[in-house]
Every structure is written in structure tokens, then in C-alpha cells.
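Protein chains in written order, with my numbering: chain W, -5 to 339; chain Y, 495 to 796; chain L, 13 to 346; chain H, 45 to 330. Every residue, glycine too, gets a C-beta built ideally from N, C-alpha and C. Below: the structure, in C-alpha cells.
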Amino acid sequence: MADSTDILTVKGLKAYYRMAYFGIDREVRAVDDITLSIRRNEVYGIAGESSSGKTSLIKVLAAAIRPPLEVVDGALTYRFGDIEIDPYKASSEEVNAIRWKHLSYIMQGSMSVLNPVRRIRHSFSDFAFQPMGVDKKTFWERTRAHLERLNLSPDILRAYPHELSGGMRQRVTIALATVCQPEFIIADEPTTALDVVVQKDVLAMIRDVQRQMGSSVVFVTHDMSVHANIADRIGIVYAGRLVEEGPTRTLFTAPKHPYTAHLVGSLPRIGDTTTKAALEGRPPNLADPPSGCRFHPRCPLAIDKCKTEVPPLETVGQSHRSACWRADEVKPLAPVAGQPAQVTP
Amino acid sequence: MTALLDVTAVSKRFAMGGILSRKQTDAVVDVSFTLASGTPEIFTIIGESGSGKTTLARMILGLEDPSDGQIVFEGSSAEERRNAARRLAFMRRVQPVFQNPFEAFNPLKQVERYLEATARTLLGLKDRTAIEDAMDGALQKVGLSYAEIKGRFPHELSGGQLQRVAIARALIPEPALLIADEPVSMVDASLRMSIVNLLRDLRDTFGVSVIYITHDLATAYYISDRIMIMQKGHVVEMGPARPVLETPQHPYSRLLKQSVLSTENAGQGVLEPADRSIARAAWENAGSGRLVEKPDGRMVRE
Amino acid sequence: MRDYFTFVLKRLLQLAAVVFAGISAAFFITHLSPISPVDMIVNRVAAQSGGDPLAIQDLRDALAALFGTDLPLHEKFLNFWGRFLVGDLGPSLLAFPTPAIDLVMRALPWTVGLLVTSILLSWTIGNILGGLGGYYQNNRFLKAFGVLAMGVQPIPYYIVAFLLVLLFGYFWPVMPISGGFSINVRPGFTFEFIASVIHHSILPAASLVIVGLGISFLGMRAMVSNIVTEDYVTYAELAGVRTERVVFFYVIRNAMVPQLTGLAMALGGIFSGTIITEQVFAYPGLGSLLVNAVNAGDTTLVLAVSSIAVIAVAGAIFVIDLIHPLLDPRVKVK
Amino acid sequence: MFAIIRDLTRYNIEFAIGCVLVGIITLFALASFFAPVGPTMIYVVPPDMPPSLSYWFGTNSRGQDLFWQLSYAFRNTLTFGVMVAAISRIISITVGLLAGYLGGWVDRVLMFFNDIFVSLPIFPILILVYFVLRSNLDMFTLALIMGCLGWPFDARLIRSVSLGLRHREFTRHATFSGMTPRKIMFEEHLPYVMPIVLATAIANMIWSIGMEVTLAVLGFTNLNIPTVGTTLYWANNHSAMIVGVWWWILIPVILIVTLFIGLFLLTVSLNEYIDPRSRLRRMGGA
């Protein structure tokens, strides 16, 4: 399935937190043997709960890891035009050369990612002037044009971050991350802290930019309804492992992993009055994960085999993979989606 | 029918700045509603950040005084609760549920500490076995037991368990009203519904009324009897939950509903930005007009 | 702009309150002293002139009127402030009848010169090195400097100054160890005089710089090692922003703000430090003047020096406070 | 608590060195209880003897055995430092927790005084106090005065922590569990403040001992009480350096510097242990 036209291929990636502090040695397997590939011109959603390892995974993808998180094993290959690069094997100059021009990043928490004592204008020139590789005049022309395309007034360039509202600031960081028209954008929970109305606008903006530029976006959030609306494909992460991956529609209508089935089935909806059940138990501790399938203590379908043997991620349908011994028996929980969408008067 | 809680024309202004420059913001403007005693219900307040929903909750809990209007709980207002004994009596009847269960417990202390203090001071229990019985009784209501949490520290429990312990703590004095400000926004998706279902069970099984404060229309639809939608401190629409959420009438309510991300068209990539004309109407007319009663029992600001 | 104006106004009020409280406190403390200035002068004059009892009684009355010693305390207090506001602090006893304010003004330039030079040097160099030390945590030179600074930091000014005197005054006598300039040089705007002043100021300034440098280095390094974990620094690094740009505009620039507040908070302590330094090096500044005044029981002069010190320190803090909102756009000037 | 100390000594070299240095000086100070001579007796041994087997630290020009003299001096100096630290801790904890937890006008009033105290030039004030009290200024009075002056920085620090704690949900949870403000302040919040109290207590000791040495050297304390400062005062008074009695100055300076560095290392390591961010860095082994 690794196709040379894919923009990113990840093979057997393992990244652990290794800590030794005042005599306590701990190893947290935040990313444990993940294999996936990202196609050109798609939005790939990564879903998972808190401390499922999803944030660690994209930090690894963005080559943004710091000790104590380190890549232990596996390969990571980006293909930008003629450039083929594994950031963990390349020199830091080579990695810096692709940053922002080809690979950019929208970080979690728009409140704190912009330098509070620097005007937005300076952030743009610091981040994008060099990668864009044009003269000053062209740079500002392009920046202004880009802002206008995103329905942002070029006046915001004069502002300080704290003078903008949360939603505006998040739009600015998206503009900043996309001004060089990168082929690959990593977005880490960019809408989590926003109000519902603003959230929808910002999501639409990301989708828009992605379509205009034909870039690939890796979008991380725990919120399945966000994924439903922005992702082309979704990868579900549980306890450091990829447990299911497939086209968004397939995961919502015919999930093949009990965890996914629960996630999409327990979402309350306006107009739906059926009782939604909760999943029992607690999310696993990554420092001491359950044996076998890590989901087995909470799984309604668990059998003895699940406690001892790790299920491999296997193809269960068209570009649909699942890591479950009983994938065939997984049924969607909710009334089947796909019924006519509610009409709002 | 007597009133459990009677909120009459309540407003809250905050003075910004210091002595020399005085600016005022209206956090809550002229809000009125009543909860009847004897008929437990889940009354939901919906709003975005800055809508005044949290300020309103704080005023009901007596943590903030209204600038105008009256909040009367079981016949007594906040001014009548100045002394410690009256405060304690009030806390026996009204209890909060917190937003972030990991924050609601001191990480350096065992979780049972809060339950024990509640049983001791609010119920006036002295005897160790009586206290443990009270704690266990409350924990049973939320599907836990004292044996499960005895000697545990917050980091040893999951977010969902902690939130249930927090709710059990609030239930110890057998209050008539719980005020839950965003009780599930920090709880993991897979555990979220257990808390929402619990709130519903409290109403149905134990007759506790709940004021549920949230920005999430879907869970509001799922458990509420009545809802009240707030925008910039004003109530824009109020009434029976399901009709209001199914067919909202005020432009702002419609904007909120349109902004809810639906999963119906999952994977189609249909993501129209909210209708700008509705949005404009909603924001430009924020707070203008007055509440008008409609035939189906709802109130809409026009 | 109007906001900034009201901010300045409020700070001015605060300044006035601190100055008033500080000087009043100094007034009451000195007036608790059992020493009577009148008796001191009378005794001294009597000792010199032999003493005609009538003349002495006249002198006593005149002095009592001058110092207002017969008045109750609250009237003395009002008198003091009335004269203080027109710049009259009364005659010094030590150098009677020279006005105390003259002595203070003569000493002030030495102290201010010494302080300003050493603070500017130690703060600037310490912050730049500390900033680099916090960012490049594995640099050997900066690490070694850090260990050195940690060793020097807890040692009080006095000991450092004293060690410098021992080293450069006795073991390797290359520096003058007392006075503000050589006795054989006439004060004036001449090269000889200025060179002598600089030569004499090297050791006292060095003692202040050594300690101040360590403090600002360690403070800045701690601050920076926190700031490098901030999201905006991580984000800039992730974007491939050039390192020197990150270091100056993202790290050091942001650490400057709290460091400046730190400087304001430390000024009182630094001033205390100079008193000691001046004493050790017999430098003719405010510190030496204060110590001499205390030893001589010169109430007026003690009060004068303390008042000027209160004004100087509070004023410096005031100035730094005014710069603060200009450096940090987030500070709401409210 | 005990486990923390054990872990610190085992894994933090600064803490271990600090403990050893401070331990040596403390033992030396405790030796004074077994001294064969009184602290104020003079001319009991031959003057100006250099360090030797019979007089380990030599003798001074006043005919005192420096070993015992310094042992008394360090006992007094350490006692003084601990007293100042204790007094100023009591004030700073009370002010900090009250201002932070109660907020409102209590906070404003307390912080107004705090601001004034912060900008007071302490050293001139101490000189003024000496100016008034002269030789009535005993160690306890001086400790009391310095304790009353040495709290504002730390109170501000404690207040900022407490202010943060006040807005955390568990504080409100405690309120609605019926806990009294006193219980919340001293049982819920104090544990968070305790590490700061510990670390600043040591920093405060360094400060107060430094002040005492300085005051004494200038002659502004009761010179009959042996402290490190008065020892240096008498050495200067007898021009020890010029007449070649170098040990009279060098040995106390070395000992006091040892004490300071030891205390400082303790503060640094404790601070590092407390600060979650530097803990994170330590975990990375960077």
C-alpha cells in the first residue's frame, strides 16, 4: 500500500518517552509501531482521547520532538517534488530547508504560539520571508494577497497578538502556516478552544486553503464531529497504536473496530432521542498498558485471545484497515447514518 | 406550586479598570426564570464564551452578587445568607458540579477528604461509621462505592470516575439543586456519556433538579427539559428544550444550530461557513427588543 | 496615550506615598534617638572656647530655636516637612554650620556615578551572557561562567570588596584602595583629575559589578530556560526561523521585561551594597557620609542622607516602572 | 518528606555538597557547647600564634583561641539567621496566604504595605536603628527587626502562588464541602507553598547573615557578642592584615564563604526540585 506518489510514508514508527528522574526510570510508549501513509491533496484526520499518543505522533511527524520523547525505531519519508527526506536521518540544515516551504505546522493553543511582544507583521517576516525566497516587495504583496484570500484584513499585520480575539488569532496562525503554500500541513487541535460559531468558520477556512493549494493536511482532534466534517480519511489512535483507519464515511457507517463503533455511535445528535451508552473502564496508562489488544479491558467483544495476542492492523475493505480479532462482528451502535440529513427550517 | 429558585430581572455589571478610568461591561442583563420545587427538571443554559452563562451560575451559587434584580432560593435571597450558619444551610440545598474533574480535587490530597468534610460540616455527622455510611450512600448513587475510592489520590482515578466522585460529594447533603457548569467538556469522549446519563438519572431517580450550563447543543438536546439561550448577557430564546432546538426562531439560536457540526454527511467535506446574513443579524441586534411569548410556550426576543 | 498618562499619574501618586512614608519613618526613628543636637554642639563649642556660662546659655537658646527642640514631636514633624519642601534640611552638626543638604549634594555625584556605571555594566553584560547561557545550555564557557557566578552570588558585598582590597591593595598593590581621587590632584575638569577618578573607581565598581553580574546572569539564565519551553519559541524553531533571530527577538527580548522589574525590585538592595563598598574603599559618597554621621551622632545629617536615599531609590523604581509598559505591549496601562 | 531528602542526596550532587558543607559548619558551631573557655574572655592564651597543632586556627591579638572563638561566633550567627528566617517566614506566609486567598481589599491593603516595604532601603534603616539603640541593640532585637523587614519579597511570591490556587476549582470544591477559610488556607494551600517557604527560608538566612556580618564589620552592632561579623571587626580593629595575623581574617572568611555556598547550593537544588519545568529538563537528561 505504500505508494511512491504518497507524500508521506511512515513505517513501523516507535517513539517513546524515556525518563529517569530521582531514581524512577519510566518508559512511555506514546507511539508504538505505527504504519501509515498520507496521500497528496487529502485531509487525514487523527482521532484519539487524551494521552492516547496522538499528539506525540504528530510531533514526530513534524520533526518537532524534544527529549524525553525520542524516535526509537521506524522510518518516515516525505516526498516533496524531487526531494525525498527522512527528517530523522537528514541534517538539521536539510530539515530547516523544507520547513515552512514544504512542511508547515499549526500548533495547539493559538493563545501562546505567537510572540506576545512582537507585531504580527514581524512574525510573518520571521517565519516566511526566507522560505518564500523573494524580495521584500513581492513578499509583502503576496502576504497581503494571501490574507485577503482568507478574508483577513491586512491591517492585522500591525496588531499585537493580544489585541486579537481567540478566533482571529487562530485564523492568523493558519494564514501564517499557509502563506508559503506548503504541500504538507500538520494541524494540532486548531479549533478546540474556539466557540462553536467560530469553530465552523475556522474549519471551513482550513478546508478552503487546502483545496485551493492542493496540499495534504494532517488534522488532529479528539472531536469526532469535527473529523466528520473535515477529514477525507481518519486514523483512530488508542493507547499509542493505530487501531483503525479508513475513509471518513466508512468509519462512520461501517466501523470495524469496537472502539470506533463506540466513538461514532455515542455522539448525541439533535433530533435523536435514543439513549447513548458510555464506555466503561478508564483509558489505559501508557506507562503500563494492558497486554494483548490494549482495548480489551473495555471491549464488549473481548475474548481470551484478545488478552494475550496483539491484533495486527489488517485490510478489511477498500483502503480500510482495522486491528481487531473480531473485526467482522463489529456492528455500528447508532441508527445507521446516511438517512436524509435533517432539514433546518 | 412554590418556587425552588426564582431569578427575577437579574443583571450583573463588572467595572473594568481602576479608580481613574471606569468602564463597565454588562455580563448578564435582565434575566428571569423560575424552577418549580417538587417537579425536578434539567434546565439548560446555552451560550458561547462571553454570553454570561458562567456569571449567572456564580450568582445563583452566591459567589457573586447581582447588580440588579433578585435571586431567591427557597424563599431566601443572597443578602439573607450573610452569616456562616445560613451559608451552610444554603449549601445543603444547592451544590455545584465542576468543569474539570482533575482540577476539582487537590492533587496532593486523597479524594475522600472532600466527601468527609461535606458529611462532617453539612450533615453535622461526628461518628466515623455514620460518615462512611453517608459517603458510601452517595457514591452508590453514582455507581461507585466507598471501598473503590478509599485512600485514593486523584491521579489514580480516571476523569470520568473523578467527575462521578465530585457529583457524589455534591449529593451527600441531598441537595434539591445541582449547578453543573460545563461538566463534560473536559471529560474524554468515551466517558462523557456516563456523566450526562448520570445527570439524567439524578433527576429521574433521586428528584434532583439540575441547572446544566453548556455550549454543546447536542448534549443539551439529549438531556434537557427546558433550555435558555444566552447571547452577550441577554436571553434570546427560552422554552421547552426539544422544540426550541429543533426549530430555533431567534437569529442567534439559528446561527448556533447551524454551527453544530453534523455527522450526517460524514466524509462529504461539506462545510459551508455559517450563513453570514444570519450571523450579522444575530450580532447586530444583540440585546435589542424584548422577550415575547409564543403559542408553543417558548419566549423569543424580538 | 491618555491611558499612559493616567498610568503615569497613578505611579506618581504611589511614588509620593512611598517617599512620604519612607522619609517620615526616618524622621521618627532619628527623633527617637536620645542624643540632643543642641547639647552636642554646645559641648563642642564649650570645649573649644573654654566657656562663658552666659554666652553658652545664649547659644543654647539660639540653637534650641533653630532646631526647634522644645517643640512637641508633631510640631517638629510639621516643621521638618515645611522646611524639607523648600530644600532646607537644617545645619549639619558634624560640620556645623554647613547645611546638611550641601554635604549630601557634594557626596551624591560620587554615589550616583559609581552606581549607574556598575549597574549598567553588570546588568547589560549579565543579561546578555545569561540569555545565551540559558539558550545554549551546553556551551562550556557559559557553563563555567555559571558555576563561577553561583559561587560568588551568595557571598555578601562586604566580603567580595574586602577580598579585592586584600588582593589588589596588599598582595599585588596596583590599585588605590581608598578615596575618590589622589590627594595630590586638584579637582577640576582636567585629564589628570578624571584619570585619577577613574583609577580610584575601578576597584569599588569592580566589587559591585562582580556581584551584580552574577545575580543578573543567574536570573536571566533561569528566566530564559523557562522561556525556551514556551510555545512561541518552539513554534519559531519549528518554522526554521534563524537561530540568532530566535535568541534575540523571541527569547532575550521576552525575558527583558521581568528582568527589568527584577532590577527595580533590587535597587534598594544595591543601594545598601554601595554603602558598604564606599565604607570599605573610603569612597566619598553618600554611604561614607551616612556612616560618619551615625558615628558622630549627627541626627540632621543622618536624616538628610536617608531622605535623599529614599527619594533616589523610589525615583529610580518609578523610572523603571514607566519604561515597563513601553517594553511589554501586554501590560494594560490601567 | 524524608523520602524527598533521601532522593535529593542520592540524585542531586548540589544538594549533597550543600548538605555536607552546611553540616560541617553546624557541627563546628555545636562544638562551642564543649568549649573550655567563655566567649567573652580575653587574654587567656598567648596572642598572635599562627595555626598549629595546639591552636588549630591560631590565636588572635586579643589572646583568644580562634577555634573556640569562631565556634561561638558561628553558633550565634547561625542562631541569628534561623531566628530571622523563622520570623520573616511567619509574616510572609500569613500575609501571602491572606492576601492571595481573601483577595479584595485585604489584598490591596496588604500589597500596598508590601510595596512600601519592598522599596525601603533596608541597610540604611538598620544603621538608623543602631543610631538610636547603640549598644542596647542585642542579637534578638536585631533579628526581630530584620525579620520584620525581610518578608515582602517572599510574601509576594507566596501570594502569587496562593492567588493561582484560589482560582483553581478544588478551592471552590473545598468551600462547598463546608471547609472554613482557615482550613482551606492551611490545609489545602499551605502544602503548595511549603516548598517555596523552605527554599526562601535558606535564601533569607544567607541574606540576614550577610547583613549581620556587614553591620558588625562596620561596628554597627553589639561588639561584645562573638559573631562572624564582630570577629572580622576586631581583626580590622587590630589591623590584623597589616601586622601579619592573616589567619584572623582568612579563616573566618573561608568558613563563612563555605557556609554561604553550602546554603546557596541547598536553595538551588530545592528550587530545581520544586520547579516542574526544570524537572522536565532533568528528565530529558539534557
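Under 8 Å between C-beta atoms, does residue i make it to chain Y?
| i | result |
| --- | --- |
| Gly222(H) | yes |
| Ser219(W) | yes |
| Thr242(W) | yes |
| Pro235(H) | yes |
| Leu257(W) | yes |
| Ser44(W) | yes |
Pull up the distance between the alpha-carbon of residue i and that of residue j, whole angstroms please.
| i | j | result |
| --- | --- | --- |
| Ala58(L) | Ala77(L) | 19 Å |
| Leu685(Y) | Arg276(W) | 8 Å |
| Gln655(Y) | Asn594(Y) | 12 Å |
| Ser313(W) | Phe123(W) | 39 Å |
| Leu144(L) | Val259(L) | 8 Å |
| Arg23(L) | Arg115(W) | 32 Å |
| Leu101(L) | Val292(L) | 28 Å |
| Asp82(L) | Leu307(H) | 51 Å |
| Thr533(Y) | Val310(W) | 51 Å |
| Ala91(W) | Ile1(W) | 17 Å |
| Gly160(W) | Thr167(W) | 11 Å |
| Glu308(W) | Phe74(W) | 28 Å |
| Ala331(W) | Lys194(W) | Any answer about Ala331(W) is weak, because its pLDDT of 42 lies below 50 and its placement is not dependable; what the coordinates show is given next. Cα to Cα, Ala331(W) sits roughly 21 Å from Lys194(W). |
| Leu617(Y) | Ile49(H) | 41 Å |
| Pro196(H) | Val162(H) | 6 Å |
| Ile666(Y) | Thr612(Y) | 7 Å |
| Met162(L) | Leu602(Y) | 32 Å |
I'd like to confirm the pairing. Which residues does DSSP put opposite residue i in its beta bridges?
| i | result |
| --- | --- |
| Phe193(L) | Its beta-bridge partners do not exist; DSSP assigns none. |
| Lys506(Y) | Val522(Y) |
| Asp322(W) | Answer is none; Asp322(W) lacks a bridge partner. |
| Ala799(Y) | Nothing can be reported for residue 799(Y): it is not among the residues displayed for chain Y, which extend from 495 to 796. |
| Tyr38(W) | Val212(W), Arg227(W) |
Counting only beta-carbon atoms, is residue i nearer than 8 Å to chain H?
| i | result |
| --- | --- |
| Ala77(L) | no |
| Ser48(L) | no |
| Ile30(L) | Here residue 30(L) is Val; the residue named in the question, Ile, does not match the sequence. It does; some Cβ of chain H falls within 8 Å. |
So, does the CB of residue i fall closer than 8 Å to a CB anywhere in chain L?
| i | result |
| --- | --- |
| Tyr317(H) | no |
| Ile152(W) | Going by the sequence as given, residue 152(W) is Arg instead of Ile. It does not: the Cβ of Arg152(W) has no partner Cβ on chain L nearer than 8 Å. |
| Pro168(H) | yes |
| Pro277(H) | It should be pointed out that residue 277(H) corresponds to Tyr in this sequence rather than to Pro. Not one chain L Cβ lies under 8 Å of Tyr277(H). |
Does the beta carbon of residue i come closer than 8 Å to any beta carbon on chain W?
| i | result |
| --- | --- |
| Glu256(L) | no |
| Asn691(Y) | yes |
| Tyr715(Y) | yes |
| His709(Y) | yes |
I want to check one thing, is the minimum distance from the CB of residue i to the heavy atoms of the ligand NAD below 7 Å?
| i | result |
| --- | --- |
| Phe246(W) | As presented, the structure is devoid of all ligands, the ligand NAD included, so that no description of it is given. |
Counting only runs of 3+ residues fully inside the stretch 291 to 317 of chain W, write out the beta strand (DSSP E) ranges in chain order.
-> The qualifying runs are 308 to 311, 314 to 316.
Counting only runs of 3+ residues fully inside the stretch 660 to 728 of chain Y, write out the beta strand (DSSP E) ranges in chain order.
-> Fully enclosed beta strand (DSSP E) runs of 3 or longer: 671 to 675, 703 to 708, 720 to 725.
Please confirm if the stretch 718 to 728 of chain Y is in contact with the stretch 535 to 547 of chain Y, defined as three or more CB-CB distances below 8 Å between the two stretches.
-> yes
Determine contact between the stretch 67 to 87 of chain H and the stretch 112 to 119 of chain H, defined as no fewer than three beta-carbon pairs at a distance below 8 Å.
-> yes
Could you tell me which uninterrupted alpha helix (DSSP H) segments, each at least 4 residues in length, are contained entirely in the stretch 141 to 210 of chain W, listed from first to last along the chain?
-> 160 to 172, 190 to 207
Whole alpha helix (DSSP H) elements within the stretch 89 to 147 of chain W, 4-residue minimum | Those alpha helix (DSSP H) runs which fall completely within the stretch 89 to 147 of chain W and span 4+ residues are 114 to 126, 130 to 143.
Decide yes or no for the touch test of the stretch 581 to 591 of chain Y against the stretch 656 to 670 of chain Y: beta carbon pairs closer than 8 Å, at least 3 of them.
-> Enough Cβ pairs lie closer than 8 Å, so yes.
Would you list, in sequence order, the uninterrupted alpha helix (DSSP H) runs of no fewer than 4 residues that lie entirely inside the stretch 224 to 281 of chain H?
-> DSSP runs (the alpha helix (DSSP H)) wholly in the stretch 224 to 281 of chain H: 234 to 261, 272 to 281.
Completely contained alpha helix (DSSP H) runs for the stretch 136 to 174 of chain H, where each covers 4 or more residues | 148 to 163
Could you tell me whether the stretch 223 to 238 of chain L touches the stretch 145 to 160 of chain L, using the rule of 3 or more Cβ pairs below 8 Å?
-> yes
Given 8 Å as the limit, is there contact between the stretch 241 to 248 of chain W and the stretch 264 to 278 of chain W, that is, 3 or more CB pairs closer than that?
-> Short answer: they don't touch.
Let me know the alpha helix (DSSP H) ranges lying completely inside the stretch 170 to 227 of chain H, each 4 residues or longer, listed in chain order.
-> 183 to 193, 196 to 210, 213 to 220
Taking contact to mean at least 3 C-beta pairs separated by less than 8 Å, is the stretch 174 to 189 of chain H in contact with the stretch 209 to 225 of chain H?
-> no
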